[in-house]
Amino acid sequence: MLVKRRLLSFLLLLFIAILVVYKKDIKPVFVSGDILFQDTSRGDISKAIKKVTEDENNSKSFSHVGILQIDDKGTKFVLEAITEGGVSKTPFDTFLNRSLTDNGEPKVVVCRLKEKYRDEINVALEYGSKLIGYPYDNVYTIGDSMYYCSEYVYEMLHNTGEHKDIFKLNPMTFKDDDTGDYLPFWVKYYDSLNVDIPEGKLGLNPNGMYKSNNIDSIYSFY
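Mapping to numbering that gives the first Met the number 0: the sequence shown position 77 is 76, numbers consecutive.
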């Protein structure tokens, strides 16, 4: 009887393990409006962003976000605001291959708006497409004619349709939680721009957006 129970327990664990691997390998059908969270892990600025925004309760941490757009031919693009080119329309594969794990997996998690928000996606993408070419907001402030990645996705959804609260603005911080002091990177960064650190100003970031109750995680590439 004991041997039989152990065998059944082993088979159950094996089945669960196979199911987890199988489920990970099945990609859902991505649709326009899917939100792509990315761990760029490139350069000091990505590390500094994650340092002041990451949640120790989450196994993954993100420094970038974009939104998927699929054209009439089925070609996938990502609308995003990036430091190198401002607001851009990037081929999907280029976006995925920007940051990879040691095993070659894109460091991207795909999320989808909950059903009640999806009727506004097309209008939001049209609005976002009109902003292509606008400069990147390297000061990280809301309300001007420049955009950082989170702001760009936020503005697309906030300025179209009835729902204004998909993602919420919160006071930003550029301080180290452990010391309460500004991270040296941000002090040097804003000194080079000759502007004050926007501590306490309203804004948002990929990690905060990822925790929103208005989206569901549907697939992780890694």
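Don't be surprised by glycine CBs; every beta carbon is placed ideally from N, CA and C.
On a predicted model such as this, the values are computed, not experimentally measured, just so you know.
Beta-carbon to beta-carbon, Ile165 and Tyr116 are separated by about 6 Å, close enough to satisfy the 8 Å threshold. Distances from the alpha-carbon of Thr100 to those of Asp118, Thr39, Lys72 put Thr39 closest. At the C-beta level, Tyr221 and Lys49 stay beyond 9 Å of one another. According to DSSP, residue pairing for Gly85 in a beta bridge involves Ile81. Within the model, the alpha-carbon separation for Ser62 versus Asp71 is close to 30 Å.
With a 10 Å radius around the Cβ and a threshold of 16 neighbouring Cβ atoms, Pro27 comes out exposed. Counting C-beta pairs closer than 8 Å gives fewer than three between the segment 177-192 and the segment 155-165, which falls short of the contact rule. Distance from the Cα of His162 is smallest, within the candidate group Lys113, Tyr135, Tyr181, Lys174, for Lys113. Assigned with DSSP and collapsed to three states, Phe184 falls in helix.
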